[in-house]
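Novice: Here you go, one structure.
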Amino acid sequence: MAPSQIAMEDQKPQRTSSTSNSGANSNKNLRGHLETSKAAEPVWLMKCPPNVAKSFKPDAAADRSVTAEEPCPSGPVAKVILSLDPLNSNNEPKFTMELAATESANTPKCYALDMSRDFIPMSVFSESSEGKLSVEGKIFNKFDMKPHDENLENYGKLCRERTKKHMKSRKIQVIDNDNGAHMRPMPGMIGFVVPGPSDKKKAPTKGSEMKRTRRDRGEMEHIMFKLFERQPNWTLRQLIQETDQPEQFLKDILKDLSVYNNKGANQGTYELKPEYRRTCQEPAH
1 MAPSQIAMED QKPQRTSSTS NSGANSNKNL RGHLETSKAA EPVWLMKCPP NVAKSFKPDA
61 AADRSVTAEE PCPSGPVAKV ILSLDPLNSN NEPKFTMELA ATESANTPKC YALDMSRDFI
121 PMSVFSESSE GKLSVEGKIF NKFDMKPHDE NLENYGKLCR ERTKKHMKSR KIQVIDNDNG
181 AHMRPMPGMI GFVVPGPSDK KKAPTKGSEM KRTRRDRGEM EHIMFKLFER QPNWTLRQLI
241 QETDQPEQFL KDILKDLSVY NNKGANQGTY ELKPEYRRTC QEPAH
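Each residue of the sequence shown is one higher than the one before, counting from 1 in full-length UniProt numbering.
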């Protein structure tokens, strides 16, 4: 039995009795009874996209025009094509489904069905409007539906339509309260902050594009001795700020006058060599 037939049987209106009491008694009699005459009928289980499932349902307008005493007129909603290669029996059969009608022009009408038999045993059950329970059949084949290669372009358009439909439209909101209390401070607003006593004044640093004028080497060595008399340890950055001399020029002088501390408490600083340190301390005696 095809899956479309099972779906349509569930949609058929059932005859109802004009007497409510008799209907209630019949429901009570049907309670606990299971119709199993179709339990061995072969049934296909098919996993399909939502837009395909909608095309299997009868039209809502047709449902309203049909009375309870008349059967619902329903034609075939799709057809399944089985392709076999008579020259090569080892090839698996190919299944293709073509829909009779679709909701949208971009909805693909042709689908490829991938068959699988690797699933747990299952059966199909139905319940009528009168409460009658029936076994409609046993599932023999399981199919996964995907758009056929020739309909991939239309399927891409359908996906874009669906995404655009559920996409939230962007809105522009005008802020009436413009005092800026709930806004992040702009870069220019940092200057309005009153500096506290703990704020340290940073010395203005000259940009790298500004060239420093090199002094006479003898004059610079004398200045360096004076600085090391004032403070025994200096970093290169501190000496550049104090002397305003090119970095490479200071490195050359420090190479001759000082040693660099790679570790210890004064790591990363320069201090005078022992022989120059004694020379600087002699006038103090």
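For every residue, glycine included, the Cβ atom is placed at its ideal position computed from N, Cα and C.
Buried or exposed, going by whether 16 or more other CB atoms sit within 10 Å of the CB of Leu-84?
Specialist: Against the sequence shown, residue 84 aligns to sequence position 84. So Leu-84 counts as exposed.
Novice: Ends of the beta strand (DSSP E) at Asn-141?
Specialist: Start at 1 with the first residue of the sequence shown, and residue 141 comes out as number 141. Run containing Asn-141: 133-147, per the beta strand (DSSP E) assignment.
Novice: Whole angstroms is fine: what's the gap from Asp-107's alpha carbon to Arg-162's?
Specialist: For the purposes of this step, residue 107 is taken as the residue at position 107 of the sequence shown. For the purposes of this step, residue 162 is taken as the residue at position 162 of the sequence shown. Here residue 107 turns out to be Thr, not Asp, going by the sequence shown. So the two alpha carbons sit approximately 11 Å from each other.
Novice: Using the three-state DSSP reduction, which class does Lys-211 fall into: helix, strand or coil?
Specialist: On the sequence shown, position 211 is the one that residue 211 refers to. It is coil, neither helix nor strand.
Novice: Between which two residues does the beta strand (DSSP E) containing Ser-83 stretch?
Specialist: Here the question's residue 83 lines up with position 83 in the sequence shown. Residues 78-83.
Novice: Around the C-beta of Phe-125, are 16 or more other C-beta atoms found within 10 angstroms, so that it is buried, or is it exposed?
Specialist: Counting from 1 along the sequence shown, the entry for residue 125 is found at position 125. Label assigned to Phe-125: exposed.
Novice: Report yes if the CB atom of Lys-146 is closer than 9 Å to the CB atom of Trp-44, and no otherwise.
Specialist: By 1-based counting over the sequence shown, the position of residue 146 is 146. By 1-based counting over the sequence shown, the position of residue 44 is 44. Cβ distance not < 9 Å, so Lys-146 and Trp-44 don't count as in contact.
Novice: May I ask you to report which of helix, strand or coil DSSP gives Thr-243?
Specialist: On the sequence shown, position 243 is the one that residue 243 refers to. It is helical.
Novice: Using 8 Å as the threshold, is the region 245-264 in touch with the region 209-227, meaning 3 or more CB pairs across them?
Specialist: In short, these stretches touch, since the Cβ pair count reaches three.
Novice: Assuming Val-77 and Phe-56 make a contact with CB atoms under 8 Å, what is their CB distance in whole Å?
Specialist: Position 77 of the sequence shown holds residue 77. Position 56 of the sequence shown holds residue 56. Right, their Cβ atoms sit about 5 Å apart.
Novice: In three-state DSSP terms, what is Phe-95?
Specialist: Within the sequence shown, numbered from 1, the residue matching residue 95 stands at position 95. Strand at Phe-95.
Novice: Roughly how many angstroms separate the alpha carbons of Lys-138 and Ile-172, rounded to a whole number?
Specialist: The count along the sequence shown starts at 1 and reaches residue 138 at position 138. The count along the sequence shown starts at 1 and reaches residue 172 at position 172. Each residue's Cα considered, the two are about 57 Å apart.
Novice: Does DSSP put Phe-125 in a helix, in a strand, or in coil?
Specialist: As a first step, residue 125 must be located in the sequence shown, where it is residue number 125. Strand, per DSSP.
Novice: Pick from Leu-257, Asn-154, Lys-263: whose alpha carbon is nearest that of Lys-273?
Specialist: Within the sequence shown, the letter at position 273 stands for residue 273. Measuring from the Cα of Lys-273, the nearest candidate turns out to be Leu-257.
Novice: According to DSSP, is Leu-87 part of a helix, a strand, or is it coil?
Specialist: As a first step, residue 87 is located in the sequence shown; it is residue number 87 there, counting from the start. Coil, per DSSP.
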